[in-house]
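Quick note on the numbering used here: the sequence shown kicks off at 5 and runs consecutively.
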Amino acid sequence: MKRSFALGTLGMLGTLTWVAGVVVSRTLPVAAQPAPPAGVWSTLAPMPTPRQELSVAVLDGKVFVLAGYDTLGASTATVEVYDPRTDTWRSAAPLPVATNHNAAATVNGRLYAFGGTTPRAFVYDPARDAWSEVASMTYQHGGTPAVGVIRGKLYVAGGTGPGMVGNEVEVYDPSANAWRTLASMGVPRNHTAGGVIGGRLYVVGGRGDPRAATALEAYDPTTNAWTTRAPMPTGRSGIAAGVVAGRLYVFGGELPRLFGEVEVYDPATDTWRPLAPMPVPRHGIFGGVIGSTIYLPGGATRQGIGATNLNSAFRVSP
């Protein structure tokens, strides 16, 4: 069942009035008018298995949710698939290993799962509903790294590395079935998120380093170099991110509290702007984008272990 409500620059929910406008700061850049696109939140069919610290990827117009902690904090290998066209779920072949704080991405029509509790990586064949192992990563990239796909290659940044908090970065070339290490991020971090805009990988938020919660860095594969961008106004970790129309949307998170904040970054102006918050604050989430809609299944509704089967989506309006 889908339930939707619209967000704009001024709105009312019950007795709570909110204004999605500009937050003026002496230290953070502030976007000028016009305001970023309004959006619509929808509550969708709940995920069959409550999970958090999971990963999400989109394949053939469907949202795949992979692994994560269950309600008891145990790792799972569960894979469930949401079809937005029918608002229904089905099960898919489980991952070969149970894991959490993992990552996933789709490259050239193939779904890859990696990181978490192991450096092993796998690729999914939807025709056979089966997983095959591919080359392992150089580093484990647990603790939820940032991921992105640029020109048919899969980039992974941060997570947990040899020193527990990682700034290691590597790229996977599916045609060669090989990983290669790249220039490290300036800020080590895990529980982070990212997205690709204009051929660059943007990595935002996280924890494990005092700078991580607000830090935003951009990687350019043509120069193998990172640049520092405007920090995120609301520092947090355990977030989800998604890119729509050349902007990076960041959702939820935790530490030092549970967050429902939503903020959008525009690389053209190097500025951030707050949007209306999530209907239910969550952390341990991962975003999947189809068109102008960002899907956010699962996560936790309290700090630490608190897995939910809540499934919601934010549709960016032009």
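From the three backbone atoms N, C-alpha and C, an ideal C-beta is built for every residue, glycine too.
Own chain partners of residue i with C-beta closer than 8 Å, once the 5 adjacent residues on each side are dropped
i, result
"Ala187", "Val173, Tyr223, Asn228, Ala229, Trp230"
"Ala139", "Ala125, Tyr176, Asn181, Ala182, Trp183"
"Asn112", "Gly156, Pro178"
"Gly203", "Ile154, Arg155, Asp224, Pro225, Thr226"
"Arg89", "Gly65"
"Pro260", "none"
Residue i - partner residues in DSSP beta bridges
i, result
"Ala222", "Tyr206, Thr231"
"Ile243", "According to DSSP, which records beta bridges pairwise, Ile243 is partnered with nothing at all."
"Asp91", "None; Asp91 has no bridge partner."
"Ala150", "Ala161"
"Asp129", "Ala134"
"Val248", "Arg251"
Where the beta strand (DSSP E) containing residue i begins and where it ends
i, result
"Phe118", "114-119"
"Asn315", "315-320"
"Asn106", "106-111"
"Ser140", "Where Ser140 is concerned, there is no enclosing beta strand (DSSP E), given that its DSSP letter is neither H nor E."
"Pro54", "Neither: Pro54 is in no beta strand (DSSP E) and is coded neither H nor E."
"Val69", "66-73"
"Pro301", "297-301"
"Gly43", "43-47"
"Arg184", "182-185"
Where residue i falls: helix, strand or coil (DSSP)
i, result
"Thr196", "coil"
"Gly288", "coil"
"Pro278", "strand"
"Phe263", "coil"
"Ala311", "strand"
"Pro166", "coil"
"Arg155", "coil"
"Glu174", "strand"
"Asp381", "Limits of the chain in this structure are 5 at one end and 322 at the other, which puts residue 381 out of reach."
"Gly256", "coil"
"Leu76", "coil"
"Val85", "strand"
"Ser59", "strand"
"Val191", "coil"
"Ala304", "strand"
"Ala96", "strand"
Reference residue i; option with closest CA among the options
i, options, result
"Val320", "Met141, Val67, Tyr253", "Tyr253"
"Gly210", "Arg124, Gly146, Gly302", "Gly146"
"Ala304", "Trp276, Leu262, Asp274, Asp177", "Leu262"
"Gly256", "Pro301, Pro271, Thr226", "Pro301"
"Val109", "Gly77, Ala134, Ser59", "A small correction: the amino acid at residue 109 is Ala; Val does not occupy that position in the sequence shown. Closest by alpha carbon: Ser59."
"Val247", "Gly199, Pro149, Ala61, Thr75", "Gly199"
"Glu258", "Pro237, His195, Thr297", "His195"
"Ala197", "Ala150, Thr232, Gly212, Arg240", "Ala150"
"Ile294", "Trp45, Gly65, Gly43", "Gly65"
"Arg286", "Pro278, Ile243, Gly250, Leu279", "Ile243"
"Gly170", "Val207, Ala134, Trp135", "Val207"
"Leu311", "Pro98, Gly43, Leu76", "Going by the sequence as given, residue 311 is Ala instead of Leu. For the residues Pro98, Gly43, Leu76, the minimum Cα distance to Ala311 belongs to Leu76."
"Thr142", "Pro123, Thr148, Gly152", "Pro123"
"Asp133", "Gly120, Ala97, Leu279", "Ala97"
"Gln144", "Ala161, Gly165, Tyr73", "Gly165"
"Gly162", "Ser296, Ala107, Ala117", "Ala107"
"Glu57", "Tyr159, Gly152, Asp91, Ser241", "Ser241"
"Val69", "Pro322, Ile289, Leu279", "Ile289"
"Trp135", "Pro322, Pro100, Tyr73", "Pro100"
Close-in-space but distant-in-sequence residues of the same chain around residue i (CB under 6 Å, 5 per side omitted)
i, result
"Glu137", "Phe126"
"Ser79", "Ala102, Thr103, Asn104"
"Tyr324", "Residue numbering for the chain in the displayed model covers 5 to 322; residue 324 lies beyond these limits and cannot be assessed."
"Asn313", "Pro50, Met51, Pro54"
"Gly308", "none"
"Ala216", "Val191, Arg193, Gly210"
Beta-carbon proximity list for residue i, same chain, < 7 Å, skipping 5 on both sides
i, result
"Trp93", "Ala49, Met51, Pro52, Glu84, Val85, Tyr86"
"Pro281", "Gly264, Glu265, Val266"
"Leu63", "Thr110, Leu115, Pro130"
"Arg306", "Leu262"
"Thr121", "Ser79, Thr103, Asn104, Gly146"
Closer than 8 Å to chain B by CB, residue i
i, result
"Thr227", "The structure shown contains no chain B; it holds only a single protein chain."
Residue i beta carbon near the ligand MN (any heavy atom closer than 7 Å)
i, result
"Ala107", "Among the components modelled here there is no ligand, and therefore nothing to report on the ligand MN."
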